[in-house]
Amino acid sequence: MVADYSKAARCAVYCKDVYKKFSDNLQFSGLTQKPVLINRQETDTQCAILPDGAGITIVFRGSESSFDWDTNLATRQERAEFDQKIIQGEIVDVEDKEKVYPYQNGSSSNALMHQGFVKAYFSVRNEIHDYVKNRPISTVIATGHSLGGALATLCAVDVQYNFPDKVKTIEAYTFGSPKVGNNGFRDSFNRRIPNSYRFVHGMDIVAELPRWWQGGYHHVDKEVRIGRRFSLNILSDRFKDHAIDRYIEVLRSMPR
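When you line the sequence shown up against the working numbering, it's residues 56 to 311, in that order.
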């Protein structure tokens, strides 16, 4: 199935909106219904459920919303700050990079997932499940940017795993997502969530994390590359290309 660029652009805008101040006044572009906000301070995990009839979009907040992705990261200090806040702090945390399988009955596919991502997602999981259980939900879109993309990936397969008879359509739209699990997880996800679109803009560095030497992580399908793939400012643009604004700009220019 070909990616719906109009829907992708809308999801990317939601991913930008969720970076705003997380309060009862938070509004999402083009929506009139009040979002359901879930905030777990103990894991610093936030997501919003956006209702739309029998469907919902679940938007996960991404990495360090205060970080200036347009900085040129030209100095060692700026690169060290990025590494501490984004890479080590949230993507490949040294203490949480172990892979785990979170369900009690085990995995016949040998699926394993990044422990830190699982911990963050499971801190909001019960409220997501309660919402789906108690409403006539038949369609779910999971979306997120950066770390939020990893959580959206887990959410999509989790909803399919637990509500296969109720939720008939599940889609995932992620932007600059890091890798979530091992080969077993990738294969299981690809079977369960065929309508998944993992967008990578330009030379986005976060989409390459964790690196191959950090534990055998692999991306899920389907990768959708957008934007230019080469720049003379390689170091700087690898960081700038991760900005959600750049994803939105390119997606809005794509043919509908």
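Don't be surprised by glycine CBs; every beta carbon is placed ideally from N, CA and C.
The model shown is predicted, which means the values in this text are computed figures rather than measured ones.
Within 7 Å, strictly: CB atoms of residue i and residue j
| i | j | result |
| --- | --- | --- |
| V235 | T208 | yes |
| M168 | F240 | yes |
| G204 | T229 | yes |
| S251 | S164 | no |
| T100 | V212 | no |
| P157 | V173 | yes |
| A326 | V73 | An answer regarding residue 326 cannot be provided, because it is not within the stretch 56 to 311 covered by the chain. |
| R307 | A64 | yes |
| K154 | N237 | yes |
DSSP three-state assignment for residue i, whether helix, strand or coil
| i | result |
| --- | --- |
| I104 | strand |
| F244 | helix |
| L92 | strand |
| K154 | strand |
| H169 | strand |
| S178 | helix |
| N127 | Note on N127: pLDDT 49, under 50, position unreliable in the model; the coordinate value appears next. Coil at N127, not helix or strand. |
| V149 | For V149, the predicted model reports a pLDDT of 48, less than 50, meaning its position is unreliable; a value from the coordinates is still stated below. DSSP places V149 in coil when its eight states are reduced to three. |
| Y272 | coil |
| A109 | coil |
| V114 | strand |
| E304 | helix |
| A227 | strand |
| G282 | coil |
| G161 | coil |
| V255 | strand |
| G236 | strand |
| K76 | coil |
| R65 | helix |
| F185 | It is worth fixing the name first, because residue 185 is Asp in this sequence and not Phe. Residue state, collapsed to three classes: helix. |
| V261 | helix |
| F313 | As displayed, the chain neither begins before 56 nor continues past 311, which places residue 313 out of reach and without an answer. |
Status (buried if at least 16 other CB within 10 Å, exposed otherwise) for residue i
| i | result |
| --- | --- |
| D123 | Residue placement at D123 is flagged as unreliable, the pLDDT there being 49, under the threshold of 50; the coordinate-derived value follows with that caveat. It is exposed - the Cβ of D123 has fewer than 16 other Cβ atoms within 10 Å. |
| A58 | buried |
| G161 | exposed |
| Q96 | exposed |
| P90 | buried |
| G231 | buried |
| A109 | exposed |
| D185 | exposed |
| S78 | exposed |
| T87 | exposed |
| R253 | buried |
| K295 | buried |
| G171 | buried |
Contacting residues, own chain, Cβ-Cβ under 6 Å from residue i (five flanking each side not counted)
| i | result |
| --- | --- |
| V149 | With a pLDDT of only 48 at V149, under the threshold of 50, the placement of this residue in the model should not be trusted; the figure read from the coordinates follows. Counting only Cβ-Cβ distances below 6 Å, and skipping sequence neighbours, we find nothing. |
| R247 | V212, Q215 |
| R301 | H256 |
| F115 | C102, G199, G203, L206, A207 |
| R311 | S61 |
7 Å CB neighbourhood of residue i in its chain, flanking five on each side removed
| i | result |
| --- | --- |
| D276 | N245, S251 |
8 Å Cβ shell around residue i - same chain, five flanking residues per side excluded
| i | result |
| --- | --- |
| V305 | H256, I281, G282 |
Problem - Continuous beta strand (DSSP E) assignments of at least 3 residues falling wholly in the region 192-218 - result: 194-200
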